[in-house]
Amino acid sequence: SRPTPRPAQWSNQKPPADIPRPRRTVPAVAMPPSGDWQCPNTSCVNHSRMVFGSKATCPKCGSSRDDPVLDVGYMGMGMGMGSDQPKPEKGMQGGDMPDDWQCPNTNCINHTRMVFGKKTSCPSCGTARNAKQPGDWQCPNTQCLNHRNTVFASKVSCPKCGAPRPGSGYAPPAQYALPARGPPAALPALQNMRALPPAVHTALAALPPQIQSLLGLRGGMPGGGGGGGCGGPGAPGDWRCPNVQCVNNRRMVFAKNAACPKCGAAKPSGRTQGGGNPGDWECPNQDCLNSRNKVFAKHAACPQCGAEKPEGAPLRGRSRSPYR
């Protein structure tokens, strides 16, 4: 007998050609919505791109979607620029927003370009946005940044270095005038000149006399060789901080200060320069902090190490180093 034929779904034969086969469909490329449009400004980057249909103006140059296609390069952006103004160059310096502005410095590259409206000064030359107004001036100090910039007319001195405004018969403000007893106090970093490296001494000596006067330097030392400075012997009335943990315990505090500017300790009553009151003495222990300081005459022993007061101890003025 013949074998029973298998069902059609079990057959290894190919299906007839008239039966359609399922095929993979490739999605079509999405086209831009019908409301999107191209910028009519041929100099704009969106002239070759698409702008969303919800936008009434180009977000790059501000051109309206209904404007005719014109090769204008720059359309003014509502800044009120006439034909006699130089056409700004578009690029990194802006030129896209109504608040952008041009540098008033004719020698600056941004004089023909645009600066972002959020900038208050030109990023290339530092000229103020509203510079070149009547009364504006430049700092006479060639070492100052404002020597190339413009200082507003309302300023009576340079806000960078303090140089007074040039002019005939102009008196510098009181804060820049020299005090009666000498030049102004040196900066805190320049008060201890001996601790500075030689290269700093050379650089300070090369500064102009006006700059040295502003820094409180004279003859290479603050306050005229240490006179009146914290690192020197000090002027009459200067005192030392009574706090042994304070740096001013080994230095001098100006007499005008009622408290230590470092730790706030009150000025000792009746103490003169270096604590040299009659009867004050120095600790004989060279390892003690009071070997460089003064111990009050009322103490029979050093309050730091307990060393007894030497008999007939001479009273000497303050020096920069202890006895050897």
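The number in my numbering is simply the position in the sequence shown, starting from 1, with 189 added. Heads up, the beta-carbon is just placed ideally off N, CA and C, and yes, glycines get one too.
Query, Result
"Under 9 Å between the Cβ atoms of Gly224 and Ser243?", "yes"
"With burial defined as no fewer than 16 other Cβ atoms inside 10 Å of the residue's Cβ, what is the status of Thr391: buried or exposed?", "exposed"
"Helix or strand or just coil, what does DSSP make of Asn230?", "strand"
"Going by DSSP, what residues sit across from Thr246 in a beta bridge?", "Ser253"
"What's the gap between the Cα of Cys452 and the Cα of Arg337?", "41 Å"
"Which same chain residues end up closer than 8 Å to Ala245 when comparing Cβ atoms and leaving out the 5 residues on each side of it in sequence?", "Ser253, Arg254"
"Among residues of its own chain, excluding the 5 on either side of Gly306, which ones have a beta-carbon nearer than 8 Å to its beta-carbon?", "Gly283, Met286, Pro287, Asp288, Asp289, Trp290"
"Beta carbon of Ala342, beta carbon of Asp325: below 9 Å?", "yes"
"Taking DSSP as the reference, what is the three-state secondary structure of Ser237?", "coil"
"Looking at Cys311: is its Cβ nearer than 9 Å to the Cβ of Asn335?", "no"
"With H, G and I counted as helix, E and B as strand and the rest as coil, what does DSSP make of Ala490?", "strand"
"Do Cys477 and Cys454 count as a contact pair if the criterion is CB distance below 9 Å?", "Before going further, note that residue 454 is Ala rather than Cys in the sequence given. Cβ atoms of Ala454 and Cys477: not closer than 9 Å."
"Alpha carbon to alpha carbon, how far is Ala448 from Asn432? Give it in angstroms, no decimals.", "11 Å"
"Express the C-alpha separation of Pro457 and Pro467 in angstroms, rounding to a whole number.", "16 Å"
"Across which residues does DSSP place Val484 in a beta bridge pair?", "Trp470"
"How close, in whole Å, do the beta carbons of Cys297 and Ser313 come, if the pair is a contact with beta carbons under 8 Å?", "5 Å"
"What is the DSSP secondary structure of Ala496, reduced to helix, strand or coil?", "coil"
"Just verifying my parser: in three-state terms, what is the DSSP assignment at Ala448?", "strand"
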